[in-house]
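Novice: Would you mind keeping the following structure in view while I ask a few things?
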Amino acid sequence: RRARAVGGAAGGGAGPGAVGADGEVPAAWIVRVNAASRAIALRWVAKAQNSVHARLRKKGDEQRAEVQAVVDRMPPEDDWFFSAALRLQGTRLLEAAEAVHNDVRATEAELQATTTALDRELREHLAQHHETLREARRRAETNAAQRAGRGGHAVEIRIRALQTEREDLRRELEAKERTAMEEEGQVLPDLAADHARQLAEMDKIIRATQQRLENECRAEERAAEEDLERFTQEQTQAMEARRIDIQAKTRRAVQASRNVMKEREKAWQAEAARWLAVARHKVELKSQEDAMHQASSGTSTTARQAATHRRRRRDV
Numbered sequence: 028r029r030a031r032a033v034g035g036a037a038g039g040g041a042g043p044g045a046v047g048a049d050g051e052v053p054a055a056w057i058v059r060v061n062a063a064s065r066a067i068a069l070r071w072v073a074k075a076q077n078s079v080h081a082r083l084r085k086k087g088d089e090q091r092a093e094v095q096a097v098v099d100r101m102p103p104e105d106d107w108f109f110s111a112a113l114r115l116q117g118t119r120l121l122e123a124a125e126a127v128h129n130d131v132r133a134t135e136a137e138l139q140a141t142t143t144a145l146d147r148e149l150r151e152h153l154a155q156h157h158e159t160l161r162e163a164r165r166r167a168e169t170n171a172a173q174r175a176g177r178g179g180h181a182v183e184i185r186i187r188a189l190q191t192e193r194e195d196l197r198r199e200l201e202a203k204e205r206t207a208m209e210e211e212g213q214v215l216p217d218l219a220a221d222h223a224r225q226l227a228e229m230d231k232i233i234r235a236t237q238q239r240l241e242n243e244c245r246a247e248e249r250a251a252e253e254d255l256e257r258f259t260q261e262q263t264q265a266m267e268a269r270r271i272d273i274q275a276k277t278r279r280a281v282q283a284s285r286n287v288m289k290e291r292e293k294a295w296q297a298e299a300a301r302w303l304a305v306a307r308h309k310v311e312l313k314s315q316e317d318a319m320h321q322a323s324s325g326t327s328t329t330a331r332q333a334a335t336h337r338r339r340r341r342d343v
């Protein structure tokens, strides 16, 4: 509505903030909140609803007490003044109030049972969620230990095999150098350099192989950690969705229950207010008339007593 008004005021309904012909609100007007903000907003709404409900109940309790007080001041012997119909209407209001109160208690008991069941369901899901995550972590730790053992053993075997190959190569090159020494009396520099190059190349292969195998083990470990993190996030999101669903069910149950109670309570309060408007006025009038009657009776009694006293004095 605000977007439509702004758009119309700015340019006859065709402004950038106007709602489209299909009623779709522009993205600029949509406010997205995170889970924490949503939880705060829901708590505020719940507190506001509780406050409204408490005020309604307080007003009802006050009206019940007032109806009872007014009915108590309307005895059957005064039906000539109040009318039996008005008095009996007040009595029926008290009976209806008791019936509403009993229904409210029954509804609250049902609501308590519902919310207790939903709360228990939520606790069970939370406990299952935490146990699932603990089991996943235990399994991940066990697998990590097994992978580390297998990976370390595989690296050790492969490096040992390469070192054996290097040792065989070294022996082979030394044998060639001894042969050259026996035949030519010396080892030619080019031959010695070539042998050193081959051994250095073998050392490089060993280091590269060890680095590659260790990197593969670390990559496998990182992949396992990522899998665990992804599983944890999925489980947490599923648990959060379940928690939100259960809390929404609880809010709906509470609101539905209160709506039923509110309608009956408001209907009773409206009827009680109409009755009190008439009955209060009549009770006040009766109280005023009784006070005037007592004052008049007191004045007549005083006059009679004075006349009697004067006559006695004359007789004396």
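Residue numbering for the sequence shown is 28 to 343, as defined by the numbering used here.
Just so it is clear, CB atoms sit at the ideal spot from N, CA and C, and this is done for glycine as well.
Quantities reported herein were computed from a predicted structural model and do not represent experimental measurements.
1) Which one of H320, R307, A322 has the shortest CA to CA distance from D99?
2) Can you list, in chain order, the residues of its chain with a C-beta nearer than 6 Å to that of V131? Leave out the 5 residues immediately preceding and following it.
3) According to the Cβ coordinates, are E137 and L303 closer than 8 Å?
4) Take the Cβ of T263 as the centre, count every other Cβ of all protein chains shown within 10 Å, and call the residue buried at 16 or more, exposed below.
5) Using 10 angstroms around the beta-carbon of M101, count the other beta-carbons present and answer buried if the total reaches 16, otherwise exposed.
6) Compute the Euclidean distance between the alpha carbons of H156 and A55, then round it to the nearest angstrom.
7) Looking at the structure shown, is E135 part of a helix, part of a strand, or coil, going by DSSP?
8) With distances taken Cα to Cα, identify the nearest neighbour of V310 among L83, R59, D105, K85.
9) Between the C-alpha atoms of G117 and K313, what's the straight-line distance to the nearest angstrom?
10) How many Å lie between H128 and R84 at the Cα?
11) Is the segment 74-84 in contact with the segment 281-298, if contact means three or more CB pairs nearer than 8 Å?
12) Among L69, R91, A73, which one has its Cα closest to the Cα of A300?
13) Look up N286 in the DSSP assignment and say whether it is helix, strand or coil.
14) W295: buried (16+ other C-beta within 10 angstroms of its C-beta) or exposed?
15) What are the boundary residues of the alpha helix (DSSP H) that includes D106?
16) Report the rounded CA-to-CA distance for R277 versus E158, giving the unit in angstroms.
17) Specify the secondary structure class of M266 as computed by DSSP and reduced to three states.
18) Can you grab the Cα-Cα spacing for the pair A175 / R161, in whole Å?
19) For a test of your reading of the model: does the CB of V60 fall under 7 Å from any non-hydrogen atom of the ligand COA? Yes or no.
Specialist: On the basis of the supplied data:
1) Locating residue 99 in the sequence shown gives position 72, counting from the first residue. Closest by alpha carbon: R307.
2) Position 104 of the sequence shown, counting from 1, holds the residue named residue 131. For V131, where only same-chain residues beyond five positions count, the Cβ hits under 6 Å are M288.
3) On the sequence shown, position 110 is the one that residue 137 refers to. On the sequence shown, position 276 is the one that residue 303 refers to. Cβ atoms of E137 and L303: not closer than 8 Å.
4) Residue 263 sits at position 236 when you count from the first residue of the sequence shown. So T263 ends up on the exposed side.
5) Counting from one through the sequence shown, the residue named residue 101 turns up at place 74. Buried, since its Cβ has 16 or more Cβ neighbours within 10 Å.
6) Numbered from 1 along the sequence shown, position 129 holds the residue referred to as residue 156. Numbered from 1 along the sequence shown, position 28 holds the residue referred to as residue 55. So the two alpha carbons sit approximately 37 Å from each other.
7) Here residue 135 refers to the residue found at position 108 when the sequence shown is read from its first residue. Correct three-state label for E135: helix.
8) On the sequence shown, position 283 is the one that residue 310 refers to. If we check each option's Cα against that of V310, D105 comes out closest.
9) Within the sequence shown, numbered from 1, the residue matching residue 117 stands at position 90. Within the sequence shown, numbered from 1, the residue matching residue 313 stands at position 286. Taking the straight line joining both Cα atoms gives about 17 Å.
10) Numbered from its first residue, the sequence shown carries residue 128 at position 101. Numbered from its first residue, the sequence shown carries residue 84 at position 57. Each residue's Cα considered, the two are about 10 Å apart.
11) yes
12) Within the sequence shown, the letter at position 273 stands for residue 300. Nearest C-alpha to A300: R91.
13) Within the sequence shown, numbered from 1, the residue matching residue 286 stands at position 259. Looking at N286 - three-state DSSP - the assignment turns out to be helix.
14) Within the sequence shown, numbered from 1, the residue matching residue 295 stands at position 268. The residue in question, W295, is buried, as its Cβ has 16 or more Cβ neighbours within 10 Å.
15) Working through the sequence shown from its first residue, we reach residue 106 at position 79. Here the alpha helix (DSSP H) through D106 covers 106-109.
16) Against the sequence shown, residue 277 aligns to sequence position 250. Against the sequence shown, residue 158 aligns to sequence position 131. Per the sequence shown, the amino acid found at residue 277 is Thr instead of Arg. Computed Cα separation, rounded: 25 Å.
17) Position 239 of the sequence shown, counting from 1, holds the residue named residue 266. Here M266 sits in helix by DSSP.
18) Residue numbering aside, residue 175 sits at position 148 when the sequence shown is read from its first letter. Residue numbering aside, residue 161 sits at position 134 when the sequence shown is read from its first letter. In a straight line, the C-alpha of A175 is about 21 Å away from that of R161.
19) By its list of ligands, the structure shown contains no ligand whatsoever, and the ligand COA lies outside what it can speak to.
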